[in-house]
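Number of protein chains: 2
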Amino acid sequence: MPESWVNLAERIGSDLYLELSGPGSRRAVLIRALRDAVREGLLAPGTRLPPYRSLAADLGLARNTVADAYAELVAEGWLTARQGSGTRVAEGAAPPTRARRPKPAPVRPTAHRYDLRQGAPEAASFPRTAWLAAARRALGAAPDEVFGPGDPRGRIELRRALTDYLTRVRGVRVDPDRIVVCSGFAHALRLLFDGSRGAGGGPLRGPFAVESYGLRFHCDILEASGVRTVPLDLDEQGALVEQLVEEPRVRGVLLTPAHQFPTGGPLHPARRAAVIDWARTHDGLVLEDDYDGEFRYDRVPVGAVQGLDPERVVYLGSVSKSLSPAVRLGWMVLPANLVEGVLAAKGTREASASVLDQLTLADFIASGQYDRHIRRMRQRYRHRRDRLVTVLAEQAPHITVTGVAAGLHAVLRLPPGTEASAVKAASWQGIALDGLAGFRHPRASMPAGDGLVIGYSTPAEHAYGAAVEALLRTLPPSTADSPASRP
Amino acid sequence: MPESWVNLAERIGSDLYLELSGPGSRRAVLIRALRDAVREGLLAPGTRLPPYRSLAADLGLARNTVADAYAELVAEGWLTARQGSGTRVAEGAAPPTRARRPKPAPVRPTAHRYDLRQGAPEAASFPRTAWLAAARRALGAAPDEVFGPGDPRGRIELRRALTDYLTRVRGVRVDPDRIVVCSGFAHALRLLFDGSRGAGGGPLRGPFAVESYGLRFHCDILEASGVRTVPLDLDEQGALVEQLVEEPRVRGVLLTPAHQFPTGGPLHPARRAAVIDWARTHDGLVLEDDYDGEFRYDRVPVGAVQGLDPERVVYLGSVSKSLSPAVRLGWMVLPANLVEGVLAAKGTREASASVLDQLTLADFIASGQYDRHIRRMRQRYRHRRDRLVTVLAEQAPHITVTGVAAGLHAVLRLPPGTEASAVKAASWQGIALDGLAGFRHPRASMPAGDGLVIGYSTPAEHAYGAAVEALLRTLPPSTADSPASRP
Chain A
1109 MPESWVNLAE RIGSDLYLEL SGPGSRRAVL IRALRDAVRE GLLAPGTRLP PYRSLAADLG
1169 LARNTVADAY AELVAEGWLT ARQGSGTRVA EGAAPPTRAR RPKPAPVRPT AHRYDLRQGA
1229 PEAASFPRTA WLAAARRALG AAPDEVFGPG DPRGRIELRR ALTDYLTRVR GVRVDPDRIV
1289 VCSGFAHALR LLFDGSRGAG GGPLRGPFAV ESYGLRFHCD ILEASGVRTV PLDLDEQGAL
1349 VEQLVEEPRV RGVLLTPAHQ FPTGGPLHPA RRAAVIDWAR THDGLVLEDD YDGEFRYDRV
1409 PVGAVQGLDP ERVVYLGSVS KSLSPAVRLG WMVLPANLVE GVLAAKGTRE ASASVLDQLT
1469 LADFIASGQY DRHIRRMRQR YRHRRDRLVT VLAEQAPHIT VTGVAAGLHA VLRLPPGTEA
1529 SAVKAASWQG IALDGLAGFR HPRASMPAGD GLVIGYSTPA EHAYGAAVEA LLRTLPPSTA
1589 DSPASRP
Chain B
1109 MPESWVNLAE RIGSDLYLEL SGPGSRRAVL IRALRDAVRE GLLAPGTRLP PYRSLAADLG
1169 LARNTVADAY AELVAEGWLT ARQGSGTRVA EGAAPPTRAR RPKPAPVRPT AHRYDLRQGA
1229 PEAASFPRTA WLAAARRALG AAPDEVFGPG DPRGRIELRR ALTDYLTRVR GVRVDPDRIV
1289 VCSGFAHALR LLFDGSRGAG GGPLRGPFAV ESYGLRFHCD ILEASGVRTV PLDLDEQGAL
1349 VEQLVEEPRV RGVLLTPAHQ FPTGGPLHPA RRAAVIDWAR THDGLVLEDD YDGEFRYDRV
1409 PVGAVQGLDP ERVVYLGSVS KSLSPAVRLG WMVLPANLVE GVLAAKGTRE ASASVLDQLT
1469 LADFIASGQY DRHIRRMRQR YRHRRDRLVT VLAEQAPHIT VTGVAAGLHA VLRLPPGTEA
1529 SAVKAASWQG IALDGLAGFR HPRASMPAGD GLVIGYSTPA EHAYGAAVEA LLRTLPPSTA
1589 DSPASRP
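Protein chains in written order, with my numbering: chain A, 1109 to 1595; chain B, 1109 to 1595.
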């Protein structure tokens, strides 16, 4: 191809430079050039192209090359060829109106200096090397069939590893047939509730009780599936499960027994027993959201409620707090009578979770790396929590930290009426954090308290000290110090 | 701990051996032993346990160890402690009725010798080494933020790589803001249609036209979302898109333009233009399922219809045929006005696709490995198709193979009325395959033809020859050969 720019002016009656360069065969280059010219409106709809013989001569190409290119573009719909009327630019090939750029998706903005929002482990701590080593071992050992259509329950290797792990660490009563792997907690809730999925539909129907404080998107998923949510009051001993009997139509309850989210207390033993008792006598179901069960700093974590009665409790967990939400792996441990319904809702076509990651996680757990990583992170988060508590005790003793020493977040109780301004002050200081109000159920009737939910796991290790210092500067003064109370 | 088995008979009035062995501290071992005993019903509800001092003496353990173990089991709900009544096994802790094993999930059984079902690439051909190398590069280069909460559109690295790839190979008009990564085709359909997802719900409402032959689960997903499906007739030039104007309420159409599934022809250029024209004049939408667009053996594949009008076509693709369904990655290229609705349906909490796999695939594409793998597989599948066609021409000339030389499957046309018995005969010979009937829309009105859908990509390379031989033995004889037509 002698020229990389060829002017078609003589042939089509107007200036048109075709850029005949770039990778690929001559035919491919010509097709691309003509297609681009049509796309960009340089060749208007209806324009008659030169006969392939003349274009071939102009461009110094073989006739077949140009004929092939025309045929290809006709097949794609850019050109039309009609006996007697030659080859023309198709009418349908006009350039579209300039595409409107969509608004950026509502992801976490990065315009703040310190991120103290709850929900994510320290991103920098992901064990890249150990994970890759596990991936290499897992992919090397995997039989070919892993690359074919999969079991909708998830890979058996992962379900076996989880069986051992959850029995040992969380006291869950489980066998691999009861586990369904999913892509995280939201996916699990959809499989349990969403009636529009597949022919079977989600197996659960409402209403369902929830804790008066929790993650709003849990309720959103239930309500979107037509399941009404009924808030239970909370006190220092967790959810008041005795309120369940006051709601005769409630079919089940979603709880965070190990570490109430976000207020931070474990469910009292008497209430653990009471909720199982309620489930047995009322044919109810308990959904146990064990979102951070491995992270307890003052003692061995309390085991899962599921262990008390595996036929009445769905146990739900994921690696989103322990490893990273980027892995997109979670699991349900199901009562026997729910397995088929959940698999029907999942469908054989939507395996959802990456099989490669499933195999890697199975190896990561079985090889002890998962325990090792959690131990390391437990120590790190514990130091962060201790530091927060110590600094507050020294410099802001009027602010109390509620809940047990556990998890990836803490709740700072604030003087009444100060939460909204504290959140605003933090935002001005470049700190992203949430107030308690955003976690309150819209129909909750218990008294609201003011507080901040501080995710101490989110900042990078080197940035944590500065983040706590910045936070301190935004906290409301004690009423004794406040200008209003001084003479 | 002097004994690994300790009999509590004297203390609780019946024989009970606690197995005090296994890993962990003495406290952990004792907790596990007591918990197991309660679980298995060896310690009945209400049984009073010996005071911790006496048990400590019996077991040769420190008193604190036993007291801690009791406290832990009380906290977990296995035991109850009441002033004056001592420590007892909790009433709620009775063993559950023996769990019913769920029926195994409906995955592909392996009871057949040859699998000639369509839908999956050759499992053994997954490029493990190259994939791992890409994973290593991708994970090494990734910034820490990839392990935090992600963009619901998918990683920008992957959307950029797909932009280049789809423009170059499939003639798609795309920029990264228009791509939403998902976990496969089923997930994409749910995001587009499922109104129960999130507050926004799926953006599309029906009715929708579909091809009279196709994958039944596509229609199932639409119908489950309340979208009525209307079948279009098919001929050798693809779907009769002119029938769209006869259905005034139809909002869109789902097509397989590059290679009609399963019958195998490409959509005729005039119909490509006509469907775009229909969409423009009727405010309609075209869903382009480009499920095997890279696999054309006789010529360069026809580009995507989407290139004709990106504001009227949703382009859908995945790696399920090109790499493996185990990777669980697919993508949508959306018209500008659908991006927000799809992201609202997806929600920020259900990123779904593994970020690690997304980064790996981005590297795999950008480094040229994806093209290389597809070239290799194209050659292999082409040989398989050629072999099937040749063997049939030689040994069963009354059986014709329809469609163009493309894809991972072929349709064998059978004499009228022979399909059901041919499928049954194949099953007796240990061959898994599907007849055309299973792909027919229940309300299709076009004449049904008999045929077999042969997935020639599924068997392992070494098993393919034998599979074709076995298939030949099950095909119906030509009417000239059949016993009935002989005297």
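Just so it is clear, CB atoms sit at the ideal spot from N, CA and C, and this is done for glycine as well. Because the structure is a prediction, the values reported are computed rather than measured.
CB contact check: residue i to chain A, cutoff 8 Å
i	result
residue 1377 of chain B	yes
residue 1180 of chain B	yes
residue 1253 of chain B	yes
residue 1144 of chain B	no
residue 1208 of chain B	Confidence at residue 1208 of chain B is low in this model, with a pLDDT of 42, below 50, so its placement is unreliable and no value can be given for it.
Partner residues on chain B for residue i, Cβ-Cβ distance less than 8 Å
i	result
residue 1465 of chain A	1462, 1464 and 1465
Within chain B, the residues that residue i reaches when beta carbons sit closer than 9 Å
i	result
residue 1347 of chain A	Result: empty, since nearest Cβ-Cβ is about 15 Å, beyond 9 Å.
residue 1416 of chain A	1184, 1185, 1186, 1198, 1200 and 1201
residue 1147 of chain A	1281 and 1415
Exposed unless 16 or more other CB atoms sit within 10 angstroms - verdict on residue i
i	result
residue 1568 of chain B	exposed
residue 1307 of chain A	Reliability of the predicted coordinates at residue 1307 of chain A is poor, the pLDDT of 40 falling under 50, and the value obtained from them is presented with this limitation in mind. Answer is exposed; the Cβ neighbour count stays below 16.
residue 1211 of chain A	Residue placement at residue 1211 of chain A is flagged as unreliable, the pLDDT there being 45, under the threshold of 50; a coordinate-derived value is accordingly withheld.
residue 1536 of chain B	exposed
residue 1249 of chain A	exposed
residue 1318 of chain A	buried
residue 1193 of chain A	exposed
residue 1140 of chain B	buried
residue 1332 of chain B	buried
residue 1598 of chain B	Given that chain B is displayed from residue 1109 to residue 1595, the structure contains no residue 1598 of chain B and the question cannot be resolved.
residue 1271 of chain B	buried
residue 1555 of chain B	exposed
residue 1527 of chain B	buried
residue 1462 of chain B	buried
Cross-chain neighbours of residue i in chain A, by beta carbon under 9 Å
i	result
residue 1240 of chain B	1240, 1243, 1244, 1247 and 1248
residue 1381 of chain B	1185, 1188, 1198, 1199, 1200 and 1201
Interface flag, residue i vs chain B, CB-CB below 8 Å
i	result
residue 1397 of chain A	no
residue 1494 of chain A	no
residue 1408 of chain A	yes
residue 1291 of chain A	yes
residue 1547 of chain A	no
residue 1234 of chain A	yes
residue 1482 of chain A	no
residue 1231 of chain A	yes
residue 1228 of chain A	yes
Interface residues of chain A facing residue i [CB-CB closer than 7 Å]
i	result
residue 1434 of chain B	1254, 1255, 1258, 1463 and 1464
Same chain, Cβ closer than 6 Å to residue i, five either side skipped, listed in chain order
i	result
residue 1401 of chain B	1278, 1366 and 1409
residue 1478 of chain A	1472
residue 1540 of chain A	1220, 1223 and 1225
Interface residues of chain A facing residue i [CB-CB closer than 8 Å]
i	result
residue 1455 of chain B	1294 and 1325
Same chain only: Cβ atoms within 7 Å of residue i, ignoring 5 sequence neighbours per side
i	result
residue 1495 of chain B	1576
residue 1208 of chain B	Low per-residue confidence applies at residue 1208 of chain B: pLDDT is 42, beneath 50, and the placement is therefore not dependable, though the value from the model is reported in the following sentence. Counting only Cβ-Cβ distances below 7 Å, and skipping sequence neighbours, we find nothing.
residue 1196 of chain B	1154, 1155, 1156, 1157, 1187 and 1188
residue 1583 of chain A	1504, 1507 and 1530
residue 1525 of chain B	1558
residue 1592 of chain B	Its pLDDT being 45, under 50, residue 1592 of chain B is placed unreliably by the model, and nothing is read from it.
residue 1213 of chain A	Caution is warranted here: a pLDDT of 42 is assigned to residue 1213 of chain A, below 50, making its placement in the model unreliable, and the coordinate value is therefore given only provisionally. Around residue 1213 of chain A: no qualifying Cβ.
Sequence-distant residues of the same chain with beta carbon closer than 8 Å to residue i, five excluded per side
i	result
residue 1184 of chain B	1143
residue 1382 of chain A	1349 and 1350
Within chain B, partners of residue i - CB distance below 7 Å
i	result
residue 1411 of chain A	1184
residue 1384 of chain A	1200
residue 1513 of chain A	The premise fails here: residue 1513 of chain A is roughly 15 Å from chain B at the closest Cβ pair, so nothing lies under 7 Å.
Any non-hydrogen atom of the ligand MN within 7 Å of residue i CB
i	result
residue 1373 of chain B	For the structure depicted, the ligand MN is absent and the ligand set is empty, with no information on it obtainable.
Where the beta strand (DSSP E) through residue i begins and ends
i	result
residue 1426 of chain A	1421-1426
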